[in-house]
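Numbering (full-length UniProt numbering), first residue to last: 1 to 351. Step one of this worksheet: look at the structure below.
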């Protein structure tokens with residue numbers, strides 16, 4: 001019995017019957033020999049962490065563009081916070097921590113530069129169907145590894161594509177919106193828990209809102225500090241979820257769920273759609289739009305930038321030019337976009 005098989009045996013002995021055992025994965029699109037040391041979901045986690053897309057998250061906006069303070073979240077720190085919350089919940093419920101972690105680490109790989117402003121502009125100029133969950137799946141299936149993808153397991157891919165539906169319900173009613181594993185469903189909730197907490201933190205730090213503006217019901221029920229809020233939300237989910245008709249149903253108390261819903265509505269109104277945040281996204285949308293159309297009309301420049309980014313394999317897999325440009329725009333970081341825009345559109349000194 002090798003090391004991986006010992007881990008799989010341990011999972012079988014201690015894991016809840018509702019968890020997804022590594023040995024029971026539905027597999028990968030391209031079959032490959034299993035690792036003798038790591039389980040299938042541990043392999044997926046490692047492939048994600050070592051990907052180019054994962055490293056680029058450190059220079060992609062979470063909420064605030066190009067923040068000067070070192071303490072503001074980026075898309076990478078957001079991802080790490082989601083991963084930590086998901087692992088904590090999965091461990092407490094005796095589920096598969098490795099699966100939850102892999103989904104969490106991969107859930108935003110396809111997020112655009114400049115946060116949701118970048119996502120909105122690609123919906124406007126490329127396709128209304130563009131979304132960062134779909135793009136994250138494209139990253140792991142098509143874009144990474146020079147066009148060959150990461151060949152992840154079905155369960156991780158499913159969790160990535162179903163981790164978000166914008167401003168949809170925290171706990172959706174439509175079963176088609178639910179991941180096929182409990183671990184994937186936990187990541188969706190962990191994502192919301194993380195951004196409610198840290199976006200509030202950053203909004204206060206930036207002066208967009210004040211502590212005393214937060215709805216009283218939110219501070220009273222889920223807490224005044226980051227630690228208190230995270231602890232309250234995680235514990236409430238763990239202790240409110242229960243088995244019903246042979247299925248584990250994730251649930252939260254009416255009180256905490258109501259406070260979370262109120263806090264999310266408050267953030268959308270007072271932070272994400274605030275004048276201070278919105279005016280910067282208007283500028284960012286102009287930059288990405290002009291880059292998109294320039295690269296669409298300049299194949300040589302597009303090929304050069306794809307090679308520079310290490311994703312030139314996209315050119316060789318039969319994708320339409322519009323899709324290749326979209327993949328490039330979605331892949332670049334905030335600072336790469338700003339530098340490329342300057343190189344293309346700013347005049348250069350001639351003497």
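Backbone N, C-alpha and C fix where the C-beta goes; we use that ideal spot for every residue, glycine too.
Around the CB of residue 73, 16 or more other CB atoms lie within 10 Å, so the residue is classed as buried. Taken through DSSP and simplified to helix, strand or coil, residue 21 comes out as coil. Residue 140 and residue 109 have their C-alpha atoms spaced approximately 8 Å apart. The beta carbon of residue 194 is closer than 7 Å to those of 78, 81, 82, 85 in its chain, skipping five residues each way along the sequence. Per DSSP, residue 323 lies in no beta strand (DSSP E); the unbroken alpha helix (DSSP H) holding it starts and ends at 321-331. Looking at the DSSP output, residue 248 shares a beta bridge with 243. In the structure shown, residue 225 adopts coil according to DSSP, grouped into three states. If you ignore the 5 residues before and after residue 238, its C-beta comes within less than 7 Å of the C-beta of 89, 92, 93, all in its own chain and listed in chain order. Non-local C-beta neighbours of residue 4 in its own chain, meaning closer than 7 Å and more than five positions away in sequence, comprise 34, 35, 36, 37, 38, 39, ordered along the chain. Around the Cβ of residue 279, a 10 Å sphere holds fewer than 16 other Cβ atoms; the residue is exposed.
When DSSP states are grouped into helix, strand and coil, residue 39 belongs to the coil group. Per the coordinates, the alpha-carbon of residue 99 lies some 8 Å from the alpha-carbon of residue 44. Distance between residue 118 and residue 112, taken at the CA atoms: about 5 Å. Given a length threshold of 3 residues, each whole run of the beta strand (DSSP E) inside the segment 235-306 is given here in chain order: 242-244, 247-249. For residue 185, the number of other beta carbons within 10 angstroms of its own is at least 16, and it is reported as buried.
If you check the CB distance, residue 122 and residue 329 come in under 8 Å.
With fewer than 16 other CB atoms across the displayed protein chains lying within 10 angstroms of its CB, residue 29 is exposed. Separation of the CB atoms of residue 267 and residue 341 is rounded to 29 Å, and the pair is thereby denied contact status at 8 Å. Of the residues 212, 243, 151, 138, the one whose Cα lies closest to the Cα of residue 319 is 138. Residue 74 carries a strand assignment under DSSP once its states are collapsed to helix, strand and coil.
In the three-state scheme derived from DSSP, where H, G and I count as helix and E and B as strand, residue 219 is classed as helix. Around residue 181, the same chain offers 20, 155 as residues with beta carbons nearer than 6 Å, after the five sequence neighbours per side are excluded.
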